[in-house]
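Heads up, the sequence shown is in numbering that gives the first Met the number 0, so the first residue is 0 and it goes up one at a time. Shown next, in structure tokens, is the structure this report addresses.
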Amino acid sequence: MHLKNHSGKMLSESSSFLKGMMLGSIFCALITMLGHIKIGYGNKMYHHEHHHIQAPKKEDILKISEKERMELSKSFRVYCIILVKPKDVSLWAAVKETWTKHCDKAEFFSSEKVKVFESVNMETNDMWLMMRKAYKYAFDKYRDHYNWFFLARPSTFAIIENLKYFLLKKDPSHPFYLGHTVKSGELDYVTLEGGIVLSIESMKKLNRLLKFPEKCPEQGGMIWKISEDKQLAVCLKYAGVFAENAEDSEGKDIFNTKSVGLFIKEAMANQPNQVVEGCCSDMAVTFNGLTPNQMHVMMYGVYRLRAFGHIFNDALVFLPPNVSDND
Numbered sequence: 000m001h002l003k004n005h006s007g008k009m010l011s012e013s014s015s016f017l018k019g020m021m022l023g024s025i026f027c028a029l030i031t032m033l034g035h036i037k038i039g040y041g042n043k044m045y046h047h048e049h050h051h052i053q054a055p056k057k058e059d060i061l062k063i064s065e066k067e068r069m070e071l072s073k074s075f076r077v078y079c080i081i082l083v084k085p086k087d088v089s090l091w092a093a094v095k096e097t098w099t100k101h102c103d104k105a106e107f108f109s110s111e112k113v114k115v116f117e118s119v120n121m122e123t124n125d126m127w128l129m130m131r132k133a134y135k136y137a138f139d140k141y142r143d144h145y146n147w148f149f150l151a152r153p154s155t156f157a158i159i160e161n162l163k164y165f166l167l168k169k170d171p172s173h174p175f176y177l178g179h180t181v182k183s184g185e186l187d188y189v190t191l192e193g194g195i196v197l198s199i200e201s202m203k204k205l206n207r208l209l210k211f212p213e214k215c216p217e218q219g220g221m222i223w224k225i226s227e228d229k230q231l232a233v234c235l236k237y238a239g240v241f242a243e244n245a246e247d248s249e250g251k252d253i254f255n256t257k258s259v260g261l262f263i264k265e266a267m268a269n270q271p272n273q274v275v276e277g278c279c280s281d282m283a284v285t286f287n288g289l290t291p292n293q294m295h296v297m298m299y300g301v302y303r304l305r306a307f308g309h310i311f312n313d314a315l316v317f318l319p320p321n322v323s324d325n326d
């Protein structure tokens, strides 16, 4: 009797162990499959290696007549979206007082109503839902006013004139989606840390896709939640819009996920004889991870500091909006 119970117990434990092994194997296989899945659009399957899109060379711009250059500079209209939460209030203030003045229009989209600053209340703490709602709001309200849409966190500092220069030879009626590109499995995506740029055509495609939750869900993955920038990439990929890495004419990244200080520190450690050359592009568009004080230091260095006696011959001059009080 004792032997029979013992045998039954062993069989039961063995059965439980085998079930656990099977479930574990299925779960591992599912994770592997999801990590390598190709996103479909309709009945087609796409495989896309991101392009390295480079800024125009100054010599190429100078070939354009002065009249055409002036018309070009006026045609670029950048709408800036900054996603904020109440805990970001000090950064929020710094961003409002600094680089966003150079956007043709900038609006803050907050997770809840904040009395201190004017913002569009998204009524959610979920970053992906905030992003979705912000894009829909921007498209519905401003699709006829702006041709480029730039989205950033409040810890990001952006030089909008450099962004406009980079976009100079890009057609906003084409589906552009660019910034600092990262690869995750088979998915190329633009990381939010460096800022995200969508053309008006990309906005149109995204807006149409937002109506289909099976292709662009409001919530993240089935098993775990993926980051908002990855979720955006999945949705845009369904629409045939792929992530592209933005670089200067020498191949250096211009959308940066770190601060200038960190880049210089790394350059000093890795290339002590080429700290400046090894740090950053001369036409960088963004830096990230800044404190409020660092925002004001960047503003001083980029827009206020002048070297008397040195003449700059810029190929283009981007004039601020009429109502702007920018530096």
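By construction, the Cβ of each residue, glycine as well, lies at the ideal position given by its N, Cα and C atoms.
Here's the rule I'm using: 16 or more other beta-carbon atoms within 10 Å means buried, otherwise exposed. How should Pro171 be labelled? In the sequence shown, the residue the question calls residue 171 occupies position 172. With 16 or more other Cβ atoms within 10 Å, it is buried.
For Met267, is the classification buried or exposed, using 16 other Cβ atoms within 10 angstroms of its Cβ as the cut-off for buried? On the sequence shown, position 268 is the one that residue 267 refers to. With fewer than 16 other Cβ atoms within 10 Å, it is exposed.
Looking at the strands, I want to know which residues DSSP matches up with Lys104. Position 105 of the sequence shown, counting from 1, holds the residue named residue 104. DSSP output for Lys104 lists Tyr78 as bridge partner(s).
So, using beta-carbon positions, are Ile80 and Ala157 closer together than 8 Å? Translated into the one-based positions of the sequence shown, residue 80 becomes position 81. Translated into the one-based positions of the sequence shown, residue 157 becomes position 158. Not closer than 8 Å, so no.
Roughly how many angstroms lie between the CA atoms of Glu265 and Glu243, to the nearest whole one? The residue you call residue 265 lines up with position 266 of the sequence shown. The residue you call residue 243 lines up with position 244 of the sequence shown. Cα to Cα, the separation comes out at about 25 Å.
Looking only at its own chain, which residues have a Cβ that is under 6 Å from the Cβ of Leu197, when we skip the five neighbours before and after it? On the sequence shown, position 198 is the one that residue 197 refers to. Only Phe148, Tyr176 meet the Cβ criterion.
Name the residue from Met298, Cys102, Glu249 whose alpha carbon lies nearest to the alpha carbon of Gly277. Start at 1 with the first residue of the sequence shown, and residue 277 comes out as number 278. Nearest option by C-alpha distance: Glu249.
Can at least three beta-carbon pairs, one atom from the segment 183 to 203 and one from the segment 269 to 288, be found at a separation below 8 Å? Segment contact: the segment 183 to 203 against the segment 269 to 288, three or more CB-CB distances shorter than 8 Å; contact assigned.
Asn244 - DSSP class collapsed to helix/strand/coil: Indexing the sequence shown from 1 puts residue 244 at position 245. Looking at Asn244 - three-state DSSP - the assignment turns out to be strand.
Assign Lys37 to buried or exposed, taking buried as 16 or more other Cβ atoms, counted over all protein chains shown, within 10 Å of its Cβ. For the purposes of this step, residue 37 is identified with residue 38 of the sequence shown, where counting begins at 1. Reliability of the predicted coordinates at Lys37 is poor, the pLDDT of 37 falling under 50, and no value is obtained from them.
For Lys182, write down the residues that DSSP places opposite it in a beta bridge. Position 183 of the sequence shown holds residue 182. According to the DSSP secondary-structure assignment, Lys182 is paired through a beta bridge with Asp187.
Span of the alpha helix (DSSP H), counted from its first residue to its last, around Ala93: By one-based count along the sequence shown, residue 93 stands at place 94. Start and end: 88 to 96.
Distance CB(Val115)-CB(Val88) smaller than 8 Å: Taking the first residue of the sequence shown as 1, we reach residue 115 at position 116. Taking the first residue of the sequence shown as 1, we reach residue 88 at position 89. Cβ distance < 8 Å, so Val115 and Val88 count as in contact.
Alpha carbon to alpha carbon, how far is Thr97 from Arg152? Working through the sequence shown from its first residue, we reach residue 97 at position 98. Working through the sequence shown from its first residue, we reach residue 152 at position 153. Distance between the alpha carbons of Thr97 and Arg152: 14 Å.
Distance, Cα to Cα, Leu208 vs Lys135? The count along the sequence shown starts at 1 and reaches residue 208 at position 209. The count along the sequence shown starts at 1 and reaches residue 135 at position 136. Counting only the Cα atoms, Lys135 lies some 11 Å from Leu208.
Select from His173, Glu111, Phe75, Lys66 the residue whose C-alpha is nearest the C-alpha of Pro85. Here residue 85 refers to the residue found at position 86 when the sequence shown is read from its first residue. Among His173, Glu111, Phe75, Lys66, the Cα nearest to that of Pro85 is on Glu111.
I need the DSSP call for Tyr176, collapsed to helix, strand or coil. Taking the first residue of the sequence shown as position 1, residue 176 is located at position 177. Tyr176: strand per DSSP, three-state reduction.
Using DSSP with H/G/I as helix, E/B as strand and the rest coil, what is Asp252? Numbered from its first residue, the sequence shown carries residue 252 at position 253. The answer is strand: DSSP assigns Asp252 an E or B state.
Taking contact to mean at least 3 C-beta pairs separated by less than 8 Å, is the segment 160 to 167 in contact with the segment 200 to 215? no
Rounded C-alpha distance that separates Gly308 from Met298: Within the sequence shown, residue 308 is the residue found at index 309, counting from 1. Within the sequence shown, residue 298 is the residue found at index 299, counting from 1. Taking the straight line joining both Cα atoms gives about 21 Å.
Helix or strand or just coil, what does DSSP make of Thr99? Stepping through the sequence shown from its first residue, residue 99 is reached at position 100. DSSP places Thr99 within a helical segment (H, G or I) once states are collapsed to three.
Sort Ser201, Leu128, Phe108, Asn120 by Cα distance to Ala238 and report the nearest one. Taking the sequence shown and counting its residues from 1, the one referred to as residue 238 is at position 239. The residue with the shortest Cα to Cα distance from Ala238 is Ser201.
Out of Ser109, Ala137, Leu304, His295, which has the shortest C-alpha to C-alpha gap to Val94? For the purposes of this step, residue 94 is identified with residue 95 of the sequence shown, where counting begins at 1. Cα-wise, what sits closest to Val94 is His295.
For Asp103 and Asn146, what's the separation of their Cα atoms in angstroms? Taking the first residue of the sequence shown as 1, we reach residue 103 at position 104. Taking the first residue of the sequence shown as 1, we reach residue 146 at position 147. Straight-line Cα distance between these residues: approximately 11 Å.
With respect to the beta strand (DSSP E) encompassing Ala151, which residues constitute its N-terminal and C-terminal limits? In the sequence shown, counting from the first residue as 1, residue 151 sits at position 152. First-last of the beta strand (DSSP E) with Ala151: 147 to 151.
In the DSSP assignment, find the beta strand (DSSP E) that holds Ile195 and state where it starts and stops. For the purposes of this step, residue 195 is identified with residue 196 of the sequence shown, where counting begins at 1. Ile195 -> beta strand (DSSP E) spans 195 to 198.
Would you mind working out which of Gln293, Asn269, Pro271 sits nearest Val259, comparing C-alpha positions? If you number the sequence shown from 1, residue 259 lands on position 260. Closest option to Val259, judged by alpha-carbon separation, among Gln293, Asn269, Pro271: Gln293.
For Ser201, the three-state DSSP class (helix, strand or coil): If you number the sequence shown from 1, residue 201 lands on position 202. Secondary structure of Ser201 (DSSP, three-state): helix.
Burial state of Ala306, where buried means 16 or more other Cβ atoms lie within 10 Å: Here residue 306 is taken as the residue at index 307 of the sequence shown, counted from 1. The residue in question, Ala306, is exposed, as its Cβ has fewer than 16 Cβ neighbours within 10 Å.
I need the boundaries of the alpha helix (DSSP H) containing His295, first residue and last residue. Numbered from 1 along the sequence shown, position 296 holds the residue referred to as residue 295. Where His295 is concerned, the enclosing alpha helix (DSSP H) stretches over 291 to 298.
Going by CA-CA distance only, name the one from Met121, Asn124, Asp125, Pro174 that's closest to Lys203. Translated into the one-based positions of the sequence shown, residue 203 becomes position 204. Checking every option, the nearest Cα to that of Lys203 belongs to Pro174.
Does the Cβ-Cβ distance between His144 and Asn255 come in under 8 Å? One-based indexing of the sequence shown puts residue 144 at position 145. One-based indexing of the sequence shown puts residue 255 at position 256. In this structure, Asn255 does not lie closer than 8 Å to His144 by Cβ.
To the nearest angstrom, report how far apart Ala137 and Lys66 are at their CA atoms. Taking the first residue of the sequence shown as position 1, residue 137 is located at position 138. Taking the first residue of the sequence shown as position 1, residue 66 is located at position 67. Rounded to whole angstroms, Ala137 to Lys66 spans 31 Å at the Cα level.
Quick check: what's the CA-CA separation for Lys236 versus Ser109? As a first step, residue 236 is located in the sequence shown; it is residue number 237 there, counting from the start. As a first step, residue 109 is located in the sequence shown; it is residue number 110 there, counting from the start. Roughly 27 Å between the two C-alpha positions.
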